[in-house]
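What follows is a single structure, written as structure tokens, with notes after it.
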Amino acid sequence: MANGITAPELRELEADAITARLREAKEELFNLRFQMVTGQLTNNRRLRVVRHDIARIYTVIRERELGLSAAPGDAK
Numbered sequence: 080m081a082n083g084i085t086a087p088e089l090r091e092l093e094a095d096a097i098t099a100r101l102r103e104a105k106e107e108l109f110n111l112r113f114q115m116v117t118g119q120l121t122n123n124r125r126l127r128v129v130r131h132d133i134a135r136i137y138t139v140i141r142e143r144e145l146g147l148s149a150a151p152g153d154a155k
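The number in this note's numbering is simply the position in the sequence shown, starting from 1, with 79 added.
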């Protein structure tokens with residue numbers, strides 16, 4: 080699975096789910112970096128995909144902080 084999660088998919092998630100996704104992505108990035116250093120990494124592209132996923136997650140979180148997008152279930 081070389082494809083990451085899209086921003087519209089992230090915007091549909093609740094805040095807790097986004098936080099969990101961020102935690103999982105950071106853990107995966109750590110593991111991928113470890114594999115790269117030890118020479119066990121088979122898919123170099125996955126590093127970039129995970130980094131971009133983390134950036135997308137942070138972007139959605141920031142949008143919600145600024146009020147540019149609302150979390151599902153938020154009634155405004």
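The beta carbon of each residue, even a glycine, is placed where N, CA and C say it ideally should be.
If you check the CB distance, A134 and E93 do not come in under 8 Å.
The criterion of a C-beta distance shorter than 8 Å is satisfied by L89 and I97.
Cβ-Cβ distances below 6 Å link L101 to I136 in the same chain, with the five nearest sequence neighbours on each side left out; the list follows chain order. Secondary structure at P87: helix, using DSSP grouped into helix, strand and coil.
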